[in-house]
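The structure appears right after this line, and notes come after that.
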Amino acid sequence: MGKTLTEKILSSHLEEGCIEAGKPIGIHIDQTLTQDATGTMAYLQFESMGLDRIKNELAVSYVDHNTVQVGFENADDHRYLQSVAASKGIVFSRAGNGICHQVHLERFGAPGKTLLGSDSHTPTGGGLAMIAIGAGGLDVAVAMAGGPFHIISPKVVEIRLSGKLRPWVSAKDVILAVLEHFTVKGNVNCVFEYTGEGVKTLQVTDRATICNMGAECGVTTSLFPSDENTLAFLQAQGRAQDYVPLLADSDAVYDQLFELDLSVLEPLCACPHSPGNIARMKDFAGKKIDQVLIGSCTNSSYTDMKKVADILDGHTVSEHVSLGIAPGSREVLLMLASDGSLAKMIASGARILESACGFCIGNHQSPNTNGISLRTSNRNFEGRSGTKSGQLYLVSPESAALSAIAGTFVDPLGNHGIAYPQVSMPEKFIIDDRMFIFPPLDGSQVEIVRGPNIGNPPINTPLAKNLKGVVAIKVGDKITTDHIMPAGARLKYRSNIPEYSKYVFEPVDPLFPARAAKNRDAGVGNVIVAGASYGQGSSREHAAICPMFLGVKAVVAISIERIHQNNLCNFGIVPLTFKDEKDYLRISEGDELVIDDIVSQISTGTVVLTDKTANLAFSLDCHCTEDQKEMLLAGGLLNVLKGEK
Ligand code: F3S
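Positions in the sequence shown are counted from 1; adding 143 to them yields the working numbering.
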């Protein structure tokens, strides 16, 4: 029986277990990446492992999230990241060099490699036929130390593409169509593998856009084959030596098939407040808008930006629209500057933003009250823009540019009078790696700079035999890591856990941190009760670390998202799910809870929780691997690693 491409890459990196859907495996990680918001904690954790140098092939530390410097905190973080990179053998990508996923695709990604990143959009690398997975910072630290990364061997879903996109329909519309079909739920432990004749009509940057937003479906990763378009991209990046052709066997057997005819797709958008809330652009044509933002790791490649420049050429941004454009990397920016595209953008009235995450993470460019904002990014959760009332629609760069000129939603296939921009992949990019700092061969003399914002990773205590606790908060469905640990103005505390913990659940219940800390100090364990898809969204492990710091011992939910479940285990918080979903309605905030002999119960996979206030007993699942159970008993992965030394 032939192999899927996913199986081929996984089996060439297999260190533990065997590849059979649903079974735990450990894989070797070739490359790692971090961004600054998750990187400080990842490197503090790596330091606490006591190694002089990284043990994997390549580690890159990007600064792209907290680039707006107000106060000392972010600048302190950057100093720490730069010095720890030099000390430990890590490549440092300075602020201004661009967004981690875009830059990594351009300069380091290579077919057939494994990449683990402390950012949930790491699967962008699947555009280059990599198994690229998002994870928590501690998992990345372990991979840098040469340890395997544990996943559940995935089901492989074949997405067979046929036909060719029409003008004005783009890769963003492909992934929005995939999201419409698969939705944001129910795809855990799957890989989306793209096959079929339609693949060759998509360039590497289109493929990267599609893989990037596969994260919104909740899959482990997405990937494309490596073919002549891959070679052309790598050649244009001066990296032809990294090319290897990679394809699934013709008789490969997949777990599921979804066929998508590219030629019938139309321009789509994701409506507030979920990337899975898909509609047609034509349904909103004529509806007034307030803001347009083009960029982010989803849509900031040179080809995307050049199309935008050509659409804007000779036009003026509508007087009631603010248009911001953030090219994804310094390379893209240099290309746009040299071919005249940047001048076209500026002439149109666009505001050129830094090559960084910026608006996507809510660092700036919040819309006006109730403002309608069209964005090319990948998430439109409530509050992600920095304001609660902003109405975010996720669209393609082409739809965004046309709408910015009109001041309304525009159906790109309608009668707008603007010629379609024909843009092809350049044969040669402007390559200038001076904004990377490559580490010295011997980093032993490098002083690691720790400003006052740089704390230590907090360590949990081993799990007590019996859990006596209280429901410290009860939340609903689809609670994102943005709800648990707000980004925007609070991001600067990422390296300072006691300070950042003051904002746990800030958008939901600002009184939670004080209440939880009081329970913790009184020796009462805090338990979070949640609905479906708890912890969806980003990979931020602070959504586990800060609750852990506040004495949260368990999360009891209808379902928990994959990366967040891993993060909970890494920090010794027990992830539990209701066997009977209706029990969610029977448990209330403030209820006193007991789990007798939780230590033995976890090992059986079923845990009985007694709600003393409601006088009820609930049966819960603990779906954890054996490694994760060991972590839970030890109080987290760092304790396990220390015990092993
Ligand atoms: Fe940055 Fe937004 Fe991507 S925060 S890494 S641009 S999802």
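Beta carbons: idealized from backbone N, C-alpha and C, even for Gly.
{"Query": "Reduced DSSP category for lysine 307 - H, G, I as helix; E, B as strand; rest coil", "Result": "coil"}
{"Query": "Helix, strand or coil at isoleucine 573 according to DSSP, with G and I counted as helix", "Result": "coil"}
{"Query": "Nearest-angstrom Cα separation, counted from leucine 345 out to leucine 400", "Result": "20 Å"}
{"Query": "Methionine 192 versus alanine 288: straight-line alpha-carbon distance, rounded", "Result": "8 Å"}
{"Query": "CB of lysine 298 within 8 Å of CB of cysteine 333, strictly", "Result": "yes"}
{"Query": "Own chain, CB closer than 8 Å to leucine 479, minus 5 neighbours either side, in chain order", "Result": "Tyr445, Met448, Lys449, Ala452, Pro470, Leu485 and Met488"}
{"Query": "Where lysine 788 falls: helix, strand or coil (DSSP)", "Result": "Since pLDDT at lysine 788 reaches only 35, below the 50 mark, its modelled position is unreliable, and the value read off the structure follows with that caveat. Coil."}
{"Query": "Exposure label - threonine 181; buried when at least 16 CB within 10 Å", "Result": "buried"}
{"Query": "Cysteine 243 beta carbon near the ligand F3S (any heavy atom closer than 7 Å)", "Result": "yes"}
{"Query": "Any chain B beta carbon closer than 8 Å to proline 254", "Result": "No chain B appears in the structure shown, which is made up of a single protein chain."}
{"Query": "Neighbourhood of aspartate 349 by C-beta distance below 7 Å, restricted to the same chain and skipping five residues each side", "Result": "Ala314"}
{"Query": "CB contact flag (glutamine 534, proline 415, <8 Å)", "Result": "yes"}
{"Query": "Own chain residues within Cβ distance below 6 Å of lysine 788, not counting five before or after", "Result": "With a pLDDT of only 35 at lysine 788, under 50, the local geometry of the prediction cannot be trusted, and the value read off the model is given with reservation. Nothing meets the Cβ criterion."}
{"Query": "Proximal residues to cysteine 689 (C-beta, below 7 Å), its chain only, five neighbours per side dropped", "Result": "Met628, Ile640, Tyr643, Ser644 and Val647"}
{"Query": "Minimum C-alpha distance to glutamate 402 - residue among Glu340, Ser746, Leu153 and Pro595", "Result": "Glu340"}
{"Query": "Phenylalanine 325: first and last residue of the uninterrupted alpha helix (DSSP H) it sits in", "Result": "314 to 325"}
{"Query": "Closest Cα partner of glycine 563 within the set Arg522, Glu649 and Arg309", "Result": "At residue 563 the sequence reads tyrosine, which differs from the glycine that was named. Cα-wise, what sits closest to tyrosine 563 is Arg309."}
{"Query": "Endpoints, the alpha helix (DSSP H) within which isoleucine 730 is located", "Result": "Where isoleucine 730 is concerned, there is no enclosing alpha helix (DSSP H), given that its DSSP letter is neither H nor E."}
{"Query": "The segment 222 to 232 contacting the segment 592 to 600, beta-carbon criterion three pairs below 8 Å", "Result": "yes"}
{"Query": "Continuous beta strand (DSSP E) stretch holding cysteine 613: start and end", "Result": "Checking the sequence, you will find valine at residue 613 rather than cysteine. Here the beta strand (DSSP E) through valine 613 covers 610 to 617."}
{"Query": "Anticipated Cβ contact below 8 Å, glutamine 245 with serine 443, distance rounded", "Result": "6 Å"}
{"Query": "Span of the alpha helix (DSSP H), counted from its first residue to its last, around aspartate 426", "Result": "424 to 427"}
{"Query": "Inter-residue spacing [alpha-carbon to alpha-carbon] between serine 702 and glutamate 462", "Result": "45 Å"}
{"Query": "C-alpha distance - asparagine 521 paired with valine 213, whole-angstrom precision", "Result": "26 Å"}
{"Query": "For leucine 148, the three-state DSSP class (helix, strand or coil)", "Result": "helix"}
{"Query": "Proximity test, glutamine 508 beta-carbon vs the ligand F3S heavy atom, cut-off 7 Å", "Result": "no"}
{"Query": "For lysine 611 and valine 737, believed in contact at Cβ under 8 Å, the rounded distance", "Result": "6 Å"}
{"Query": "Local Cβ density within 10 Å of proline 388, reported as buried at 16 or more and exposed below that", "Result": "exposed"}
{"Query": "Where the alpha helix (DSSP H) through tyrosine 813 begins and ends", "Result": "Residue numbering for the chain in the displayed model covers 144 to 788; residue 813 lies beyond these limits and cannot be assessed."}
{"Query": "N-terminal and C-terminal residue of the alpha helix (DSSP H) that threonine 183 is part of", "Result": "179 to 191"}
{"Query": "For arginine 518, the first and last residue of its enclosing beta strand (DSSP E)", "Result": "515 to 518"}
{"Query": "Buried/exposed call for asparagine 217, threshold 16 Cβ in 10 Å", "Result": "buried"}
{"Query": "Proline 623 burial status per 10 Å Cβ neighbour count (16 or more: buried)", "Result": "It is threonine, not proline, that sits at residue 623 in the sequence shown. Counting Cβ neighbours within 10 Å, threonine 623 comes out buried, since at least 16 surround it."}
{"Query": "Phenylalanine 579 versus isoleucine 170: straight-line alpha-carbon distance, rounded", "Result": "28 Å"}
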